[in-house]
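A.B. asks:
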Amino acid sequence: MNADLQERLKNLSPAERARILKALREEAARQGKPDAIPKRPRQDSARLSFAQQRLWFIHQLAPEITAYNFLLAVRLEGDLDVAALERALNRVVSRHESLRTTFSLSEGGEPRQHVAAGLRLALPVIDLRGEPERVRREAARRLIMEVADEPFDLSRGPLLRARLLRLGAGEHAAALALHHAVADGWSLGVLMRELGHYYGRYSGGGGGVGEELGELVVQYGDYAEWQRGRLRGEALAAEVGYWRGRLEGMATLEVPTDRARPAAQSFRGAYQVWKLPLSETERIVALCNREGVTMFMTLMTAFQILLHYLTGQVDIVVGTDIANRNHRQIEGLIGFFVNQLVLRLDLSGDPTFRELLEQARATTLEAYAHQEVPFEMLVAEMRPERELSRTPMFQVKLVLQNYPLDDLELPGLTLTPIPIPVQTSKYDLLFNIHETKQGLAATLEYDTDLFDAATISRFLSHYEAILRQAVEDPEVKLKALVGRLARADEQRQAVKEDRLAEVSVRKLRGVKRRPITGP
155 MNADLQERLK NLSPAERARI LKALREEAAR QGKPDAIPKR PRQDSARLSF
205 AQQRLWFIHQ LAPEITAYNF LLAVRLEGDL DVAALERALN RVVSRHESLR
255 TTFSLSEGGE PRQHVAAGLR LALPVIDLRG EPERVRREAA RRLIMEVADE
305 PFDLSRGPLL RARLLRLGAG EHAAALALHH AVADGWSLGV LMRELGHYYG
355 RYSGGGGGVG EELGELVVQY GDYAEWQRGR LRGEALAAEV GYWRGRLEGM
405 ATLEVPTDRA RPAAQSFRGA YQVWKLPLSE TERIVALCNR EGVTMFMTLM
455 TAFQILLHYL TGQVDIVVGT DIANRNHRQI EGLIGFFVNQ LVLRLDLSGD
505 PTFRELLEQA RATTLEAYAH QEVPFEMLVA EMRPERELSR TPMFQVKLVL
555 QNYPLDDLEL PGLTLTPIPI PVQTSKYDLL FNIHETKQGL AATLEYDTDL
605 FDAATISRFL SHYEAILRQA VEDPEVKLKA LVGRLARADE QRQAVKEDRL
655 AEVSVRKLRG VKRRPITGP
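Under my numbering, read the sequence shown as residues 155 to 673, first letter to last.
(1) What are the partner residues of D601, as DSSP defines its beta bridges?
(2) Between V657 and Q645, what straight-line distance do the alpha-carbon atoms span, to the nearest angstrom?
(3) Could you tell me whether the stretch 386-393 touches the stretch 268-279, using the rule of 3 or more Cβ pairs below 8 Å?
(4) Roughly how many angstroms lie between the CA atoms of V649 and L583, to the nearest whole one?
(5) Which whole-angstrom value is the C-beta distance of A205 and F585, which I expect to be below 8 Å?
(6) Is Q419 buried or exposed, if buried means 16 or more other CB atoms sit within 10 Å of its CB?
(7) How many angstroms separate the CA atom of E436 from the CA atom of A634?
(8) Hey, out of R310, F613, G399, R415, whose CA is closest to T256's CA?
(9) List in chain order: all unbroken beta strand (DSSP E) runs of 3+ residues lying wholly within the stretch 426-512.
(10) Can you give me the C-alpha to C-alpha distance between V236 and V336, rounded to a whole angstrom?
(11) Helix, strand or coil: how does DSSP classify G368 here?
(12) Under a three-way DSSP split, which group does V657 fall into?
(13) For R622 and T406, what's the separation of their Cα atoms in angstroms?
(14) Do you know how far the Cα of E393 is from the Cα of P538?
(15) For Q555, does the three-state DSSP call read helix, strand or coil?
(16) Pull up the DSSP beta-bridge partners for S258, would you.
(17) Is it true that the CB of N556 sits closer than 8 Å to the CB of Q525?
(18) What number of angstroms, rounded off, separates the C-alpha of N744 from the C-alpha of L297?
(19) Going by alpha carbons, who is nearest to R208 out of F529, T578, V630, A608?
(20) Where does R315 sit, in a helix, a strand or coil, going by DSSP?
(21) Would you list the residues sitting across from S203 in a DSSP beta bridge?
(22) What's the gap between the Cα of L441 and the Cα of A624?
(23) Quick one: residues in its chain with C-beta nearer than 7 Å to the C-beta of I488, no 5 flanking neighbours on either side, listed in chain order?
(24) Please report the distance separating the alpha-carbon of L639 from that of A378.
(25) Taking a contact to mean a Cβ-Cβ separation below 8 Å, would you say L332 touches L314 in this structure?
(26) So what does G354 bridge to, in DSSP terms?
(27) Just the Cα atoms here: how many angstroms apart are S260 and R398?
(28) Where E287 and A294 are concerned, what is the direct C-alpha to C-alpha distance, given to the nearest angstrom?
(29) Where does L329 sit, in a helix, a strand or coil, going by DSSP?
(30) Cβ atoms of S579 and F457: under 8 Å apart, would you say?
(31) State buried or exposed for D601, treating a residue as buried only when at least 16 other CB atoms are found within 10 Å of its CB.
(32) Residue range of the alpha helix (DSSP H) that I620 falls in?
(33) Looking only at DSSP bridge pairs, what is D281 linked to?
(34) When you compare each of L495, A327, V553, H481 to M547 by their alpha carbons, which one comes out closest?
(35) Return the CA-CA distance between K429 and I574, expressed in angstroms with no decimal places.
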């Protein structure tokens, strides 16, 4: 079983794990899954994967958007060997073709990816040590954001850039930005592990002495060609048929907004941070263990209850990501493998939280068993009504990230992630959740054309209340849960109105009265 599925299924009973693995094996047999991904004939060029093709088309329509840039920023404390860090970064670039890839149209009009034989990535160093602390802090924030806010040119590359800031004695900040066409969240873990390995070899005058990492048997271009070749014919039709039956007739989720939806997405966004203390997170873990479900299933159930409360709808559709690394040959590659799944829950009647959790478990396990169909192909086959103001299939997404935030390591250094202010949003709402050593930590990204910050704060407050109630009483009925949320909103509105009335009274008391004088 690959590492992604091991993590996602770890809380399931042996019977449940056996059931999902059996379904995956049956799917593989139907598709005639080969034992190995073969090397492609041309090593300098390849077709695009289905996921890459979607980003390619978005880039052609709006090359200026940065919503598909992602940034890793860390503070480094200790005696940093800058030359070794740059050398290590370039060694990782030389190992992974995806980091040397650009995109262009062939003479036949087909988009293709091209791999440069070599690429030397510069690591610019900006010295801020002479600046006052306040100026240094603000300059560091601005310089880090510049790395992510500049659009990438997919046709020219490189599709990653780095910057290093000297902040003080033994203190640096590093920023690395990549385009999603060449990497995903899982890839960050691969990159950091390899960067740490090579930095250890090259730093301190080591000169590269030490064990070399194993050769990569295949590259991303090999996977893209393999994917294109196997997803066709009867096997593809059967998988698409499953999703068609699961999603046919689904309703568009209409979350109430603070402003009318614009004619087209601007991708402008912001985010709010949500954290759940370790003590409360452990209570959720205990609930998962008792019910035989995963953390993701519980978090998704609570999220869909929130959406039901906000919309009044019972047909709730939410998107999520899955690493989609079901082949051992690609677990250690940097590339854009992640696939999107569509999860649909029926909240009709008055089910208990436990009943909805069971439904979410069954829905999620089925989706895992049919995860190989690329989301882009599903959209093409199902042909949902397209609007420039909405993403296809779903507009709300929840992702439980399974790449580690706590385990960033470079030998001899202490690394601390630097929070990144998000200024873009690809969806109406995107809830990114991490399991950390301190408890659950999340960001709720939102479309600022649609929502105010106060509205998002209310959403997060309600979500936390749902989780707390579910932990206390999994048999709580949906209507009872929704009723509690409605009363909380009524109380919040009453307090708001009282405060407004107090302000009005204070203003009136401050008005000076003048006697009326005759003519």
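For each residue, glycine too, the CB sits at the ideal point set by N, CA and C. The structure presented is a predicted model; accordingly, all values stated were derived computationally and were not measured.
C.D. replies: Per the coordinate set shown:
(1) G423
(2) Whole-angstrom Cα-Cα distance: 19 Å.
(3) no
(4) 27 Å
(5) About 21 Å; that fails the 8 Å criterion.
(6) Counting Cβ neighbours within 10 Å, Q419 comes out buried, since at least 16 surround it.
(7) Their backbone Cα atoms lie some 25 Å apart in a straight line.
(8) R310
(9) Runs of the beta strand (DSSP E) inside the stretch 426-512: 469-476, 493-500.
(10) 25 Å
(11) coil
(12) helix
(13) 28 Å
(14) 18 Å
(15) strand
(16) R266
(17) no
(18) This structure cannot settle anything about residue 744, because the visible part of the chain is limited to 155 through 673.
(19) F529
(20) strand
(21) Its beta-bridge partners do not exist; DSSP assigns none.
(22) 9 Å
(23) Close CB contacts of I488 within its chain, under the 7 Å cut and outside five residues either way in sequence, are with H250, S252, L253, A337, S341, V344, L345 (chain order).
(24) 47 Å
(25) Yes, these two residues count as a Cβ contact at 8 Å.
(26) Bridge partners of G354: none, in fact.
(27) 33 Å
(28) Rounded to the nearest whole angstrom, the C-alpha separation of E287 and A294 is 10 Å.
(29) One point to set straight first is that residue 329 is Ala, not Leu, in the sequence displayed. Here A329 sits in strand by DSSP.
(30) The answer is no: Cβ separation not under 8 Å.
(31) buried
(32) 607-626
(33) R320
(34) Taking only the C-alpha atoms, the option nearest M547 is L495.
(35) 16 Å
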